[in-house]
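Going by numbering that gives the first Met the number 0, the letters in the sequence shown line up with residues 0 to 155, in that order. A short write-up of the structure that comes next.
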Amino acid sequence: MSYEDLKDKVVIVTGSSAGIGEAIAIQFSKNGSKLVITGRNEENLNKVASVCEQVSPTQYKPLIHICDLNKENEAPELVKKAVEHYGSIDVLVNNAGCVWPSDISDDDFMEKFDYVFNVNTRAPLLLTKLCLPKLIEKKGCIVNICSITSTRHVRR
């Protein structure tokens, strides 16, 4: 895609306070996209927002939304704020993910399982459902990112 394809597109990037999500947010910024960056770490998100603003040819400052996608009630608020701020959504990047190594015999196994399932499976599905009307309207797209740990064992 060219700069012109992404310029002024509204992009939500979950898990954008570090790692792949941070890199994705910065790349979209370099292409002039309007960003919503999300994560649990406000300090890191502020740093990412600063870099995004510096590299953006239009100097767009990303909308920062602190949220924990383990909590189902926070996803609707994220989408609501994105639409209130920018008016629409063109791209959803479901990047947030976690791993919490555990053994089925652990006392807290189900708690860990629920947390990982909520973040890695339920949140992307819910965000997709919530963004879908705007994405259809704008002929937008969804990018789902997952970890190698979905296919390989993680050692404790």
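The beta-carbon is built from N, C-alpha and C at its ideal position, and this holds for glycine as well. The structure displayed is predicted, hence computed values, not measured ones.
_If I measure Cβ to Cβ from Val142 and keep anything under 6 Å in the same chain, skipping five residues before and after, which residues do I get?_
The beta carbon of Val142 sits closer than 6 Å to the beta carbons of Val92 from its chain, once the five residues preceding and following it are set aside; these are given in chain order.
*Report the rounded CA-to-CA distance for Ala74 versus Leu126, giving the unit in angstroms.*
One C-alpha to the other measures close to 6 Å.
_One question on the structure: do Ile19 and Asn119 come within less than 8 Å of each other, judged by their Cβ atoms?_
With respect to the 8 Å criterion, Ile19 and Asn119 are not classified as neighbours on the basis of their beta carbons.
*Residue of Leu77, Lys70, Gln58 minimising C-alpha distance to Ile36*: With distances taken between Cα atoms, Ile36 lies closest to Leu77.
*The alpha helix (DSSP H) with Lys33 in it runs from where to where?*
First-last for Lys33: 33-38, but that is the beta strand (DSSP E), not the alpha helix (DSSP H).
*Note down, in chain order, each residue of its chain lying with its Cβ closer than 6 Å to the Cβ of Lys29, except the 5 sequence neighbours on either side.*
A distance below 6 Å between beta-carbons, with the five flanking residues on each side excluded, links Lys29 to the following residues of its chain, in chain order: Val54.
*Please list, in chain order, all residues of the same chain as Ile163 whose beta carbon is under 8 Å from its beta carbon, the five residues on each side excluded.*
Since the first residue shown for the chain is 0 and the last is 155, residue 163 is missing from the structure and cannot be characterised.
*Among Ala122, Phe112, Asp67, nearest to Ile144 - alpha-carbon criterion*: Minimum Cα-Cα distance from Ile144 among the listed residues Ala122, Phe112, Asp67 corresponds to Ala122.
*Report buried or exposed for Ile103, applying the criterion of at least 16 other Cβ atoms within 10 angstroms of its Cβ.*
Answer is exposed; the Cβ neighbour count stays below 16.
*Would you grab the beta carbon distance between Lys33 and Lys70 for me? Rounded to a whole angstrom, and I think it's under 8 Å.*
Taking 8 Å as the upper bound for CB-CB distance, Lys33 and Lys70 are not in contact here, some 25 Å apart.
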